[in-house]
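Notes follow the structure.
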Amino acid sequence: MATTKYIFVTGGVTSSLGKGIISASLAKLLQARGYKVTIQKLDPYINVDPGTLNPYEHGECYVTEDGAETDLDLGHYERFLNVFTSQANNVTTGRIYQDVINKERRGDFLGKTVQIIPHITDEIKRRIKLLGSKNKFDFVITEIGGTVGDIESLPYIESVRQLKWELKNRCMVIHLTLVPYLAASGELKTKPTQHSVKTLQEAGVQPDVLVLRTEHRLNAEIRSKVANFCNVQKEAVVESHDVKTIYEVPIEMQREKLDELVISHFGMVAGPKPDLKPWKEFLKQLNAPKHQVKIGLVGKYVELKDAYKSINESFIHAGAANETKVEIEYIHSEHLAESNYEEALKTLDGIIVTPGFGHRGIAGKILAVKYARENNIPFLGICLGMQCAVIEFAQNVLKLEDANSLEMDRKCKNPVINLMEEQKMITEKGGTMRLGSYPCRVLRDSNAHKAYKTLKINERHRHRYEFNNSYQEMYSKAGMIASGINPETELVEIVEIPKHKWFVGVQFHPEYKSTVINPHPIFVSFIKATVEK
Ligand code: GLN
27 MATTKYIFVT
37 GGVTSSLGKG
47 IISASLAKLL
57 QARGYKVTIQ
67 KLDPYINVDP
77 GTLNPYEHGE
87 CYVTEDGAET
97 DLDLGHYERF
107 LNVFTSQANN
117 VTTGRIYQDV
127 INKERRGDFL
137 GKTVQIIPHI
147 TDEIKRRIKL
157 LGSKNKFDFV
167 ITEIGGTVGD
177 IESLPYIESV
187 RQLKWELKNR
197 CMVIHLTLVP
207 YLAASGELKT
217 KPTQHSVKTL
227 QEAGVQPDVL
237 VLRTEHRLNA
247 EIRSKVANFC
257 NVQKEAVVES
267 HDVKTIYEVP
277 IEMQREKLDE
287 LVISHFGMVA
297 GPKPDLKPWK
307 EFLKQLNAPK
317 HQVKIGLVGK
327 YVELKDAYKS
337 INESFIHAGA
347 ANETKVEIEY
357 IHSEHLAESN
367 YEEALKTLDG
377 IIVTPGFGHR
387 GIAGKILAVK
397 YARENNIPFL
407 GICLGMQCAV
417 IEFAQNVLKL
427 EDANSLEMDR
437 KCKNPVINLM
447 EEQKMITEKG
457 GTMRLGSYPC
467 RVLRDSNAHK
477 AYKTLKINER
487 HRHRYEFNNS
497 YQEMYSKAGM
507 IASGINPETE
517 LVEIVEIPKH
527 KWFVGVQFHP
537 EYKSTVINPH
547 PIFVSFIKAT
557 VEK
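Residue numbers (our numbering): 27 to 559.
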């Protein structure tokens, strides 16, 4: 008998209220009670996945073990739950339509007119229920992207309405809204919440729980008012007060009994309240640092912090593990030039050069590498950042002045970064990079080995270019070694400079695998090196 319970999280009033964090926090609380939980994000845009989106549009593209290019909320799910997500955890309108249209072309609909209801909604429901099939999970939490009332979200809300009937008591809806504070009158206002619940009700969906995001505490009167106007029990009005860090939200939600509300909604027995010990331990370390370091994050999307979401969070995890407050100084790579780079970088304890694509800002990234290398500043280069470290070494140490990546200079005579063999025939853009988890063999006694404490690792990738192995000998003779190699393809996955304090470039993305409970060893070692400096 199917027993999986489905929880839908919708949002109203404005975007960016933190549905992802509420979903992840609820999942964390249910997980701490011993339940198996997964979270899914449904995104209402037409792109098949966010892999083709410019980071300025939606922030970082998060990559899963199985190589799916997904919404950054999946990163939160993994960081909170410490379990992997997959392609099935992120579905976009584009993917739904692509599937339905492919079926239509195959003749699967037997001559019927293909419509939003039932064909699109059926496909949405299939994708939701797929995660719960075989009772793999006790709870599937599905976060619906966008804001209630958006045209794009309608098929999703309609699918929720249908599922409420189909799944009967195995289904519930949590609606997150904003209660704005009007400073002029000194009042919290509930009208936007009332309107957004009304919009949801017009679509046939009655929320079971309301989570109200607020800058000021809600009093009993406000809670009663919202309950009364929005047709929910007073206990089902949950306050989500602004907190210093997203990692406090599970604690807040436990205090507000969000998990207990869910459990009692499904007629289950709550049992004792979990103590969240490892989580609280992490918060304790986060909130009482003994050291402080300043890391320069050099990238070209620094105007939008979300473009580096997983990197930012990895520093929080690694900082806590080192009892260190990590201050990140965001440095626009296009603003670094020969004339100012030393001045701009001189106060940093460590430098990270970020992933990226294309030529813009490359010169500044290479200058940042040069500064870190020449001044013995701990350095971490990720993906394009690692490639920049390789290019810089070629230009300034190997004296191959025209050395470059083929990505930046098609006609380059010394392509120390080459297009991967398997990429040469590819012309399509979406989902065609080297994506997802690959094994890597680590060199004994290297920085990477000291960090991982093992010689066999698996890390996630997202790239088309690679270190050009025909230069490997030249590099190692001059002091930059390959300390991580893919055992099957011999692709260089890690480079380092053993003579340097801590200089590591990784072709993969360690930031995707750092979680609260398992801070990533590369970030932990990097921060440790900056503290020691
Ligand atoms: N643009 C580089 C490549 O495709 C690096 C990609 C990245 O930083 N994710 O190889």
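The beta-carbon is built from N, C-alpha and C at its ideal position, and this holds for glycine as well. As the structure is a prediction and not an experimental result, all values here were calculated from the model.
Could you check which residue in Glu-537, Asp-301, Thr-118 and Leu-208 has the C-alpha nearest to that of Leu-406? Glu-537
Classify Glu-104: buried if its beta carbon has 16 or more other beta carbons within 10 angstroms, exposed otherwise. buried
Determine contact between the stretch 106-116 and the stretch 495-508, defined as no fewer than three beta-carbon pairs at a distance below 8 Å. no
Contact defined as beta carbons within less than 8 Å: I believe Lys-54 pairs with Asp-99. What is the distance between those atoms, to the nearest angstrom? That pair is no contact at about 14 Å.
Inter-residue CB distance, Glu-519 and Ile-511 (contact presumed, cutoff 8 Å): 6 Å
What do you reckon, is the C-beta of Pro-536 under 7 Å from a heavy atom of the ligand GLN? Pro-536 Cβ: outside cutoff for every heavy atom of the ligand GLN.
Consult DSSP for Phe-308 and reduce its assignment to one of helix, strand or coil. helix
Beta-carbon contacts of Ile-377 that lie in its chain and below 6 Å, excluding the five residues immediately before and after: Gly-322, Ala-394, Ala-398, Ile-403 and Phe-405
If we ignore side chains and look at the alpha-carbon of each, how far apart do Tyr-71 and Ser-340 end up? 28 Å
Should Ile-543 and Val-530 be called a contact, given that it needs their Cβ atoms to be closer than 8 Å? no
Grab the span of the beta strand (DSSP E) containing Ser-463 for me, first residue to last. 460-468
Can you find the residues in the same chain that come closer than 6 Å, C-beta to C-beta, to Lys-190, ignoring five residues on each side of it along the sequence? Cys-197
Which word fits Asn-195, buried or exposed, when buried means at least 16 other C-beta atoms lie within 10 angstroms of its C-beta? exposed
Minimum length 3: unbroken beta strand (DSSP E) runs contained in the stretch 331-412: 350-358, 376-379 and 405-408
Would you call the CB atoms of Asp-75 and Thr-139 closer than 8 Å? no
Which runs of the alpha helix (DSSP H) at least 4 residues long sit entirely within the stretch 450-522? Give them in chain order. 473-478 and 498-504
Whole angstroms are fine: how far does the CA of Glu-369 sit from the CA of Ile-357? Put simply, the backbone Cα of Ile-357 is about 12 Å away from that of Glu-369.
First and last residue of the uninterrupted alpha helix (DSSP H) at Val-328: Counting along the chain, Val-328 falls outside any alpha helix (DSSP H), and DSSP gives it neither H nor E.
Does the stretch 127-144 come within contact of the stretch 279-299, defined as at least 3 CB pairs closer than 8 Å? no
Quick check on the burial criterion: 16 or more other C-beta atoms within 10 angstroms. Buried or exposed for Gln-533? buried
Any 3 or more C-beta pairs closer than 8 Å across the stretch 170-188 and the stretch 87-94: No: fewer than three Cβ pairs fall under 8 Å.
Considering only heavy atoms of the ligand GLN, does any lie closer than 7 Å to the CB of Cys-438? No, the ligand GLN has no heavy atom inside 7 Å of this Cβ.
Check whether the Cβ of Pro-381 lies closer than 7 Å to any heavy atom of the ligand GLN, and answer yes or no. yes
Return helix, strand or coil for Arg-239, following the three-state DSSP convention. strand
Identify whether Cys-87 lies in helix, strand or coil by the three-state DSSP scheme. coil
Kindly indicate if chain C contains any beta-carbon less than 8 Å away from that of Ile-553. Checking the listed chains, one finds no chain C in this structure; it contains a single protein chain.
Start and end of the beta strand (DSSP E) containing Glu-286? Careful: Glu-286 lies outside any beta strand (DSSP E), inside the alpha helix (DSSP H) at 284-291.
So what does DSSP say about Gln-573, is it helix, strand or coil? Shown here, the chain extends from 27 to 559; a query on residue 573 therefore has no answer.
Using only the heavy atoms of the ligand GLN, determine whether one of them is closer than 7 Å to the beta carbon of Leu-82. The residue asked about is misnamed: residue 82 is Tyr in this sequence, not Leu. Result no, Cβ not under 7 Å from the ligand GLN.
Where Lys-160 and Asn-116 are concerned, what is the direct C-alpha to C-alpha distance, given to the nearest angstrom? 19 Å
Leaving aside the five residues before and after Ala-344 along the sequence, list all residues of the same chain whose C-beta is less than 6 Å from its C-beta, in chain order. Pro-545, Phe-549, Val-550 and Ile-553
Validate contact between the stretch 261-280 and the stretch 231-246 using beta carbons, cut 8 Å, 3 pairs: yes
Mapping DSSP to helix, strand and coil, what is Leu-79? coil
Using DSSP with H/G/I as helix, E/B as strand and the rest coil, what is Pro-218? helix
I need the DSSP call for Pro-276, collapsed to helix, strand or coil. Three-state result, Pro-276: helix.
For Met-434 and Tyr-497, I'd like the C-alpha separation in whole angstroms. 18 Å
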